[in-house]
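4 protein chains.
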Amino acid sequence: MAPFRIAVITTGGTIAKTYDQRKAVLRNADPVVKRLVRSLRLEETKVSFKELMQKDSLDLSPHDRARIVETVRSTARRSNAVVVIHGTDTLSETGEALLAAMPAPAVPIVLTGAMVPFVVAGSDGLQNVTEALFACRLLAPGIYAVFHGRALSFPGVVKDRETLTFVRCPDSPEGRP
Amino acid sequence: MAPFRIAVITTGGTIAKTYDQRKAVLRNADPVVKRLVRSLRLEETKVSFKELMQKDSLDLSPHDRARIVETVRSTARRSNAVVVIHGTDTLSETGEALLAAMPAPAVPIVLTGAMVPFVVAGSDGLQNVTEALFACRLLAPGIYAVFHGRALSFPGVVKDRETLTFVRCPDSPEGRP
Amino acid sequence: MAPFRIAVITTGGTIAKTYDQRKAVLRNADPVVKRLVRSLRLEETKVSFKELMQKDSLDLSPHDRARIVETVRSTARRSNAVVVIHGTDTLSETGEALLAAMPAPAVPIVLTGAMVPFVVAGSDGLQNVTEALFACRLLAPGIYAVFHGRALSFPGVVKDRETLTFVRCPDSPEGRP
Amino acid sequence: MAPFRIAVITTGGTIAKTYDQRKAVLRNADPVVKRLVRSLRLEETKVSFKELMQKDSLDLSPHDRARIVETVRSTARRSNAVVVIHGTDTLSETGEALLAAMPAPAVPIVLTGAMVPFVVAGSDGLQNVTEALFACRLLAPGIYAVFHGRALSFPGVVKDRETLTFVRCPDSPEGRP
Numbered sequence: 037m038a039p040f041r042i043a044v045i046t047t048g049g050t051i052a053k054t055y056d057q058r059k060a061v062l063r064n065a066d067p068v069v070k071r072l073v074r075s076l077r078l079e080e081t082k083v084s085f086k087e088l089m090q091k092d093s094l095d096l097s098p099h100d101r102a103r104i105v106e107t108v109r110s111t112a113r114r115s116n117a118v119v120v121i122h123g124t125d126t127l128s129e130t131g132e133a134l135l136a137a138m139p140a141p142a143v144p145i146v147l148t149g150a151m152v153p154f155v156v157a158g159s160d161g162l163q164n165v166t167e168a169l170f171a172c173r174l175l176a177p178g179i180y181a182v183f184h185g186r187a188l189s190f191p192g193v194v195k196d197r198e199t200l201t202f203v204r205c206p207d208s209p210e211g212r213p
Numbered sequence: 037m038a039p040f041r042i043a044v045i046t047t048g049g050t051i052a053k054t055y056d057q058r059k060a061v062l063r064n065a066d067p068v069v070k071r072l073v074r075s076l077r078l079e080e081t082k083v084s085f086k087e088l089m090q091k092d093s094l095d096l097s098p099h100d101r102a103r104i105v106e107t108v109r110s111t112a113r114r115s116n117a118v119v120v121i122h123g124t125d126t127l128s129e130t131g132e133a134l135l136a137a138m139p140a141p142a143v144p145i146v147l148t149g150a151m152v153p154f155v156v157a158g159s160d161g162l163q164n165v166t167e168a169l170f171a172c173r174l175l176a177p178g179i180y181a182v183f184h185g186r187a188l189s190f191p192g193v194v195k196d197r198e199t200l201t202f203v204r205c206p207d208s209p210e211g212r213p
Numbered sequence: 037m038a039p040f041r042i043a044v045i046t047t048g049g050t051i052a053k054t055y056d057q058r059k060a061v062l063r064n065a066d067p068v069v070k071r072l073v074r075s076l077r078l079e080e081t082k083v084s085f086k087e088l089m090q091k092d093s094l095d096l097s098p099h100d101r102a103r104i105v106e107t108v109r110s111t112a113r114r115s116n117a118v119v120v121i122h123g124t125d126t127l128s129e130t131g132e133a134l135l136a137a138m139p140a141p142a143v144p145i146v147l148t149g150a151m152v153p154f155v156v157a158g159s160d161g162l163q164n165v166t167e168a169l170f171a172c173r174l175l176a177p178g179i180y181a182v183f184h185g186r187a188l189s190f191p192g193v194v195k196d197r198e199t200l201t202f203v204r205c206p207d208s209p210e211g212r213p
Numbered sequence: 037m038a039p040f041r042i043a044v045i046t047t048g049g050t051i052a053k054t055y056d057q058r059k060a061v062l063r064n065a066d067p068v069v070k071r072l073v074r075s076l077r078l079e080e081t082k083v084s085f086k087e088l089m090q091k092d093s094l095d096l097s098p099h100d101r102a103r104i105v106e107t108v109r110s111t112a113r114r115s116n117a118v119v120v121i122h123g124t125d126t127l128s129e130t131g132e133a134l135l136a137a138m139p140a141p142a143v144p145i146v147l148t149g150a151m152v153p154f155v156v157a158g159s160d161g162l163q164n165v166t167e168a169l170f171a172c173r174l175l176a177p178g179i180y181a182v183f184h185g186r187a188l189s190f191p192g193v194v195k196d197r198e199t200l201t202f203v204r205c206p207d208s209p210e211g212r213p
């Protein structure tokens with residue numbers, strides 16, 4: 037049986053920050069997500085990596101966001117699913133941009149990341165990436181954020197800065213009671 | 037919004053073995069799965085625990101298996117999903133017994149466990165339980181084994197003792213090409 | 037037999053930084069060293085904790101340093117050894133200040149810390165604290181820095197910002213070949 | 037300055053047991069101690085490894101013990117210190133045998149190991165090996181067991197099967213009050 041092909045596109049974000057001893061700060065420098073994914077056991081699955089950029093998502097320019105959208109679009113053509121590792125602060129903007137560019141994608145496109153860097157004890161990064169990769173097999177084609185045990189589909193997914201997770205925006209059509 | 041209710045029933049198995057310093061062996065003694073689940077962040081989810089037994093699954097008697105089936109049946113009535121933590125050696129038998137007793141369950145019933153105890157470095161236990169809990173929200177009602185990035189539905193799911201994962205049995209109806 | 041009494045005085049420093057999800061920075065906020073020490077098994081040893089301050093050592097004022105010296109002096113009277121957890125950037129100044137105030141201490145006084153926070157993967161904090169506590173039993177009375185497998189006695193111990201460890205200062209009497 | 041040379045001789049023991057998924061048991065198979073030591077940062081120190089055998093110490097024959105003694109003797113000639121990684125059940129016999137063969141060794145010879153395998157969460161192995169390597173620089177020449185924050189010198193060091201640590205034997209000369 038042909039393996040299920042998941043393309044992982046990394047853009048940086050909190051999840052991928054590592055500690056710089058010399059400058060005594062956390063920063064985006066190393067391919068930490070690749071190591072994280074390789075620590076998982078994924079049967080009949082072929083994961084490929086595209087390290088697109090290493091940025092805090094607050095620093096993404098319109099040009100950066102356009103590059104992410106174009107890379108997802110071209111990658112989606114030759115994969116069964118795409119996972120985008122992204123900073124949480126502007127993940128919502130990228131999700132909406134992806135939906136605008138690809139209103140009916142052929143495969144599931146899952147955005148994920150973390151509130152705490154993977155290298156820091158108690159990080160939610162391993163959980164979120166485990167869930168995102170698993171979700172690729174079960175979700176219908178569409179654009180999603182996967183965090184903290186849930187898959188939420190765009191449009192209308194935002195970061196809740198109070199509870200530090202992703203929620204359906206109260207103003208979005210699906211979000212209304 | 038009402039939280040999603042997942043009932044976790046623990047029966048022992050390799051995943052829950054801890055090290056006994058005095059006897060120098062791994063054995064089923066402590067509620068390790070509860071600690072594992074509590075280390076995850078699960079939004080709008082209420083997880084309850086039922087510690088049914090602490091056994092290596094090779095030691096499960098017909099009576100034990102009947103108790104598991106009865107507990108799943110009664111728990112399923114008041115939950116949105118049920119996760120059964122189980123040893124891998126006879127997980128397949130329990131899955132088939134559940135299906136025989138509940139051919140059309142109202143909610144997803146997910147069996148999982150691990151090839152390596154959670155307390156041992158490199159364990160697949162955290163990954164499998166993370167996936168099992170996440171799968172509860174996406175799977176249709178049915179009986180499943182969730183391991184190593186995949187959800188496989190009963191009947192016809194067996195442990196492959198060569199590759200040490202779960203696979204669709206070559207003789208099962210869905211397993212035929 | 038009376039247990040060996042070690043007083044641990046915490047002042048903050050890189051070793052004790054934890055991740056603040058809301059501000060997305062590492063900062064000194066939690067009693068992480070206590071947790072670290074309690075994870076060790078120390079036979080016939082009684083460890084007491086004095087949480088004096090939680091500061092990056094670059095932010096220590098002359099008044100802060102005087103408080104550290106006074107606390108070490110009073111604590112040393114009722115302990116068999118004193119460990120001071122300290123940021124690495126000005127650990128050398130505190131070591132020299134301790135030596136000036138206590139040229140002939142009655143017990144070993146050991147300064148330690150880390151180049152990488154304890155909560156970050158690959159931290160040297162657990163190693164340094166394990167060594168510092170162990171050194172308390174073997175070292176003669178004096179003022180020491182314990183880092184990366186070595187005990188170096190004041191005066192003349194400095195942070196080498198190139199190799200990111202502590203070394204004997206090339207200009208110090210004992211440092212000359 | 038010439039680095040401090042520590043020779044690590046591994047013989048197996050609980051500390052080095054890893055989990056065999058196929059047989060579902062812990063056993064001595066892999067060079068786990070080398071990985072443990074390499075995770076430490078040891079300044080101006082050169083550690084060499086001699087993997088002598090991989091045995092539970094209850095399975096050591098008189099011939100095995102003689103080999104250990106001979107290897108320690110020859111290794112001690114070209115090192116500043118020797119660390120022997122050993123199972124705890126017969127570590128005491130090997131310590132006494134070393135002392136009988138080398139009543140006045142030229143360097144410190146330190147036996148250590150663990151009550152819980154290094155790969156199991158909560159293991160004392162990392163602590164004991166960190167302490168043993170550190171002790172090499174501070175101890176006078178002699179034969180020692182280093183465990184749980186203490187260095188105890190042979191003769192008269194035994195495993196206390198009640199508290200699961202090493203203690204001075206009540207009947208030994210130094211052990212008498």
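Chains as they are written, first to last, in our numbering: chain D, 37 to 213; chain E, 37 to 213; chain R, 37 to 213; chain P, 37 to 213.
The C-beta atom is built at its ideal place from N, Cα and C for all residues, glycine as well.
Next on the checklist: Measuring CB atoms only, is the segment 139-146 of chain D touching the segment 156-164 of chain D, in the sense that at least three cross pairs come out at less than 8 Å?
Outcome noted: Between the segment 139-146 of chain D and the segment 156-164 of chain D there are fewer than three C-beta pairs closer than 8 Å, too few to call the two in contact.
Checklist entry - Among P:Y180, P:A181, P:P98 and P:T166, which has the Cα closest to the Cα of V32 (chain R)? => result Look at the range of chain R in this structure, 37 to 213, and you will see that residue 32 (chain R) is not part of it.
Item to check | Minimum C-alpha distance to Y180 (chain R) - residue among R:P67, R:P153, R:E132 and R:E198 | outcome: R:E132
Checklist entry - In chain E, what lies closer than 8 Å to R77 (chain D) by C-beta? => result D160, Q163, H184, G185 and T201
Checklist entry - So, helix, strand or coil for F202 (chain E), using DSSP? => result strand
Item to check | 8 Å Cβ cutoff, L169 (chain D) in contact with chain E | outcome: yes
Item to check | Cβ separation of D66 (chain D) and L94 (chain D), assumed to be a contact under 8 Å, to the nearest whole Å | outcome: Contact doesn't hold; Cβ gap of about 20 Å is too wide.
Next on the checklist: Taking 8 Å as the threshold (beta carbon to beta carbon), is T50 (chain E) in contact with chain P?
Outcome noted: Proximity of T50 (chain E) to chain P, defined by a Cβ-Cβ separation below 8 Å, is satisfied.
Item to check | S189 (chain D) versus V152 (chain P): straight-line alpha-carbon distance, rounded | outcome: 46 Å
Item to check | Selection of the segment 135-153 of chain D by Cβ proximity to chain E, strictly under 8 Å | outcome: none
Checklist entry - Taking only beta-carbon atoms, is L127 (chain E) less than 8 Å away from chain D? => result Not an interface residue.
Item to check | Alpha-carbon to alpha-carbon, T54 (chain R) and L174 (chain E) | outcome: 35 Å
Next on the checklist: In the DSSP output, which residue or residues are listed as bridge partners for F154 (chain R)?
Outcome noted: Paired residues: none, contrary to the question.
Next on the checklist: Using a 10 Å radius around the Cβ and a threshold of 16 neighbouring Cβ atoms, would you call K195 (chain P) buried or exposed?
Outcome noted: buried
Item to check | Proximity to V108 (chain D) [Cα-Cα], best of D:L200, D:D56 and D:K86 | outcome: D:K86
Checklist entry - Between which two residues does the beta strand (DSSP E) harbouring R227 (chain P) extend? => result Because chain P is modelled from 37 through 213, residue 227 (chain P) falls outside the range shown and cannot be assessed.
Checklist entry - Cβ of V83 (chain P) within 8 Å of Cβ of V73 (chain P)? => result yes
Checklist entry - What are the boundary residues of the beta strand (DSSP E) that includes V83 (chain E)? => result T81 to K91
Checklist entry - Hey, A137 (chain P) and P177 (chain P): beta-carbon distance below 8 Å or not? => result When the beta-carbon positions are compared, A137 (chain P) and P177 (chain P) stay at least 8 Å from each other.
Next on the checklist: Which residues of the segment 59-75 of chain R have a Cβ closer than 7 Å to any Cβ of chain D? Give them in chain order.
Outcome noted: A60 and L62
Checklist entry - Does T124 (chain D) come within less than 8 Å of chain E when only Cβ atoms are used? => result When Cβ-Cβ separations below 8 Å define contact, T124 (chain D) makes no contact with chain E.
Checklist entry - Of all the CB atoms in chain P, is at least one closer than 8 Å to the CB of R197 (chain R)? => result no
Checklist entry - Looking only at C-alpha atoms, which of E:K59, E:I42, E:A43 and E:R63 sits nearest to A52 (chain E)? => result E:R63
Next on the checklist: Extract the residue ranges of the alpha helix (DSSP H) inside the segment 48-84 of chain R, only unbroken runs of 4 or more that lie entirely within it.
Outcome noted: 68-74
Checklist entry - Along chain R, in chain order, which residues have C-beta atoms closer than 7 Å to that of V155 (chain D)? => result V156 and A157
Item to check | Which of helix, strand or coil DSSP assigns to P191 (chain E) | outcome: Under the three-state reduction of DSSP, P191 (chain E) is assigned to coil, being neither helix nor strand.
Item to check | Backbone CA spacing between V155 (chain R) and R103 (chain E) [nearest angstrom] | outcome: 43 Å
Checklist entry - Going by Cα to Cα distance, which pick from P:S115, P:R101, P:K59 and P:N116 is closest to S128 (chain P)? => result P:R101
Checklist entry - Who are the Cβ neighbours of A112 (chain R) in its own chain at under 7 Å, not counting the five residues just before and after it? => result V118, P141, A142, V143 and I145
Item to check | Distance between A171 (chain D) and L134 (chain E) (C-alpha atoms, nearest Å) | outcome: 25 Å
Checklist entry - What is the residue span of the beta strand (DSSP E) that A168 (chain E) lies within? => result Not the beta strand (DSSP E): A168 (chain E) falls in the alpha helix (DSSP H), residues G161 to L174.
Checklist entry - Residues in its own chain within less than 7 Å of V105 (chain R) by CB, not counting five upstream and five downstream? => result A133, L134 and A137
Checklist entry - Three-state secondary structure (DSSP) at P98 (chain P)? => result helix
Next on the checklist: Among the candidates E:V69, E:G123 and E:A38, whose CA atom is the shortest distance from the CA of T50 (chain E)?
Outcome noted: E:G123
Checklist entry - List, in order along the chain, the chain D residues whose C-beta lies closer than 8 Å to that of R173 (chain E)? => result G185, R186 and A187
Checklist entry - How would you list, in chain order, the residues of chain D whose beta-carbon sits under 7 Å from the beta-carbon of Q90 (chain R)? => result For the C-beta of Q90 (chain R), not a single chain D residue is nearer than 7 Å; the gap to the nearest is close to 16 Å.
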